[in-house]
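Everything on this sheet refers to the single structure shown next.
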Amino acid sequence: MAIPFILEIAIGLVFIYLTLSLLASEIQEIIGTLLQWRAEHLKRSIEVLIAANDKESRAAAQTFADRLYDTPILRSLNQEATGPIAHFFRVINQIVGKLYRTVTQTRNVFGNKTSGPSYIPGKTFAQALLDSIQVEDLRKVLLESRLVQFLEEKLLLPLNHMVNDLRASTANEFLLNIEFRELEQSITQLVEDFKEKRATLSETIDRLLDRFDTFADSAQDVLPDNHPLTETFMRRLKYLRNRLASTTLDKAALLKTIQPSLDELVSVLDENSIVYRELKGLAGKDNKTARRIFERMKTQPLPESLKQSLASLAEKAGSSLAAKASDTVLNAVQNLSEEPVANLKIYLSDVESDVKSLGLEIENWFDRGMDRATGVYRRNAKAVSILIGIAIAISLNADSLHILDRLSRDPAVRSAISLAAEEVAASNPDAASLEQLEEQVDQALSGLPIPLGYGDAVVAKQQESQQSWFIPFIPRRVLGWIITGFALSMGANFWFSLLKRVVNVRNTGREEGTDRAVQR
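Each residue of the sequence shown is one higher than the one before, counting from 1 in my numbering.
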């Protein structure tokens with residue numbers, strides 16, 4: 001058997017598979033759009049991710065996922081149709097979806113909605129989850145409460161005792177009255193600026209230390225020089241100042257005591273944790289934000305599986321931040337140059353946004369889960385494409401065995417299909433979009449004697465071949481349909497790429513044959 005003959009058969013067979021694969025792709029895309037396969041698979045995958053593949057947590061995960069999909073940031077990803085024509089097709093889409101769920105007895109994964117987004121970026125999911133569990137609001141409430149408590153217990157209360165002792169020793173109840181009142185007012189303003197986000201925690205501590213130093217300078221000017229009480233009071237002021245923060249490293253430790261850690265933010269989900277009791281106490285003290293967070297936690301609890309996942313992610317994020325801080329502090333201790341100190345200041349500014357580190361861990365966790373879900377979706381899509389391919393083969397009587405037999409026996413059919421295939425491959429060398437390829441194939445198909453359909457001639461040939469068929473219980477054309485179905489599941493891109501390769505091999509053989517003829 002000559003090689004050009006085999007190549008012509010291969011080109012014809014591949015071209016027919018390419019033609020039918022384009023049809024299969026269109027059908028699968030239409031079905032997927034009508035039934036919202038991508039959006040449904042995404043929602044189910046998120047439910048599995050939240051439930052940690054635990055059957056007992058599945059119901060709670062579905063409820064939480066419905067609530068998560070109702071957040072503004074995820075609702076904005078589901079663009080509804082606006083025009084009358086687009087809205088009409090949207091309604092048709094919804095009707096088909098309802099009929100499909102009624103027939104298959106499956107639930108509406110979108111809850112009380114009719115559709116959902118077919119793609120969610122990891123960063124968007126992380127933000128929606130953090131908003132849903134109120135991490136940023138919780139952090140703000142705890143931070144403000146701890147800052148006020150710190151200022152009262154570690155600064156104002158000891159300083160008030162010191163001033164009162166000084167007044168009692170000097171029998172002057174008005175001593176440092178103006179200076180102390182100005183310090184209290186400035187501290188109140190610092191807290192207000194922090195609450196209104198006009199200053200970060202690090203900047204607030206810096207300004208607090210400046211106000212304290214200003215108070216100490218004012219006390220030094222007001223109190224008599226070289227007086228034992230003055231020296232004692234100033235030493236006590238210096239000691240209190242050093243307890244607050246005498247160095248940049250002390251400031252880092254101070255921020256760490258005020259700043260709630262990621263573990264604490266996540267542990268609030270546990271009713272037995274210290275932070276939960278702290279939040280409950282704030283909610284009982286007429287703190288509106290704390291009360292809103294607490295009530296939402298009681299009315300909209302999280303699945304236990306999600307609590308465990310968040311605890312693990314918070315621990316991982318905290319470990320990463322701790323390692324970064326340790327390296328920075330170690331560099332600052334070992335080398336007192338400006339660069340480590342600058343790096344430490346960068347750390348001090350970053351420690352206030354450690355929620356972003358948790359968000360990054362959630363984003364990576366989501367992306368890993370969706371990578372696995374994508375693999376599952378592709379396997380499911382492959383199975384559906386096989387079924388669609390077999391359905392097309394049966395409906396068009398695309399019997400691969402009959403097609404192969406016809407191409408090998410009929411030179412006119414073989415030559416016409418081979419020529420059309422070469423034209424398609426030559427006109428599209430860079431593998432353009434499937435839409436453009438489909439137009440070119442449609443033009444090439446006009447008038448081609450493709451051996452498909454249920455015409456008398458095709459059916460007669462199949463019956464004739466069945467008489468000499470050697471496999472019992474399996475009709476020849478059924479096997480041909482199955483082969484066609486599996487072939488179409490490979491996709492149009494695969495068959496077009498293979499077509500170009502076979503055509504190139506054939507053309508290369510022609511050029512070599514022409515060169516030899518010229519040499520002779």
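C-beta: ideal position from N, C-alpha, C; glycine also. Given the structure is predicted, the values throughout are model-derived calculations rather than measurements.
- Residue environment analysis places S305 among the buried positions, since at least 16 neighbouring C-beta atoms fall within 10 angstroms of its C-beta.
- Here Y119 carries a coil assignment [DSSP, helix/strand/coil].
- Excluding residues up to 5 positions away in sequence, V109 lie with their Cβ nearer than 7 Å to the Cβ of R44 in the same chain.
- Inter-residue distance for A398 and G453 is about 7 Å (C-alpha atoms, whole angstroms).
- Inclusion of I11 and L404 in the CB contact set at 8 Å is not warranted, their separation being larger than that value.
- Annotation: the stretch 164-215 contains the following complete segments of the alpha helix (DSSP H) (minimum length 4 residues), in chain order: 177-195.
- Inside the stretch 1-67, DSSP marks no whole beta strand (DSSP E) run of 3 or more residues.
- By the Cβ neighbour-count rule, L387 is exposed, with fewer than 16 other Cβ atoms within 10 Å of its own.
- A contact is defined here as three or more CB-CB pairs under 8 Å, and the stretch 171-180 fails this definition with respect to the stretch 190-198.
- Counting along the chain, the unbroken alpha helix (DSSP H) around H402 starts and ends at S400 to R409.
- Rounded to whole angstroms, the gap between the alpha carbons of R207 and T200 is 10 Å.
- Each residue's CA atom was taken as its position, placing Q308 and V191 some 35 Å apart.
- Annotation for S418: E8, I11 and G12 place their beta carbon closer than 6 Å to its own, counting only its chain and skipping 5 residues before and after.
- Per DSSP, K280 is one residue of the alpha helix (DSSP H) stretching across I274 to A283.
- In this structure, the straight-line span from the alpha carbon of E203 to that of E295 is close to 32 Å.
- By a beta-carbon distance limit of 8 Å, E363 contacts K123. Their separation comes to about 5 Å.
- The three-state secondary structure of T257, taken from DSSP, is helix.
- Under the criterion of beta carbons closer than 8 Å, E184 and A219 do not qualify as touching, at roughly 14 Å.
- If you draw a 10 Å sphere on the C-beta of E47, you find 16 or more other C-beta atoms in it, and that means buried.
- Within the same chain, Cβ atoms closer than 6 Å to the Cβ of S400 are found at G480, I483 and T484, the five residues on either side in sequence being excluded.
- No Cβ-Cβ contact shorter than 8 Å links L240 with L254.
- When secondary structure is reduced to three states using DSSP, K500 falls in the helix class.
- Selection N504, F494, K382 and S312 evaluated against Q28 yields K382 as nearest (Cα-Cα).
- The Cβ-Cβ distance between S25 and A393 does not fall below 8 Å.
- The three-state secondary structure of I92, taken from DSSP, is helix.
- In this structure, the beta-carbon distance from P303 to I50 falls below 8 Å.
- Contact between the stretch 55-63 and the stretch 132-147 is absent, with fewer than three C-beta pairs closer than 8 Å.
- Ranking R235, K461, S273 and K285 by CA distance to the CA of A311 puts S273 first.
- Taking 8 Å as the cut-off, the beta carbon of L237 is found no closer than this to the beta carbon of A252.
- The three-state reading of DSSP puts T247 in coil, since its state is none of H, G, I, E or B.
- Residue environment for Q134: buried (at least 16 other C-beta atoms within 10 angstroms of its C-beta).
- By the Cβ criterion, the stretch 276-292 is not in contact with the stretch 114-121, since fewer than three pairs of Cβ atoms, one from each stretch, lie closer than 8 Å.
- For L138, the enclosing alpha helix (DSSP H) stretches over residues V135 to F150.
- When G318, A317, V268 and S319 are compared, the shortest CA-CA separation from K298 is found for V268.
- Between the stretch 228-237 and the stretch 157-172 there are three or more inter-stretch CB-CB distances shorter than 8 Å, so the stretches are counted as touching.
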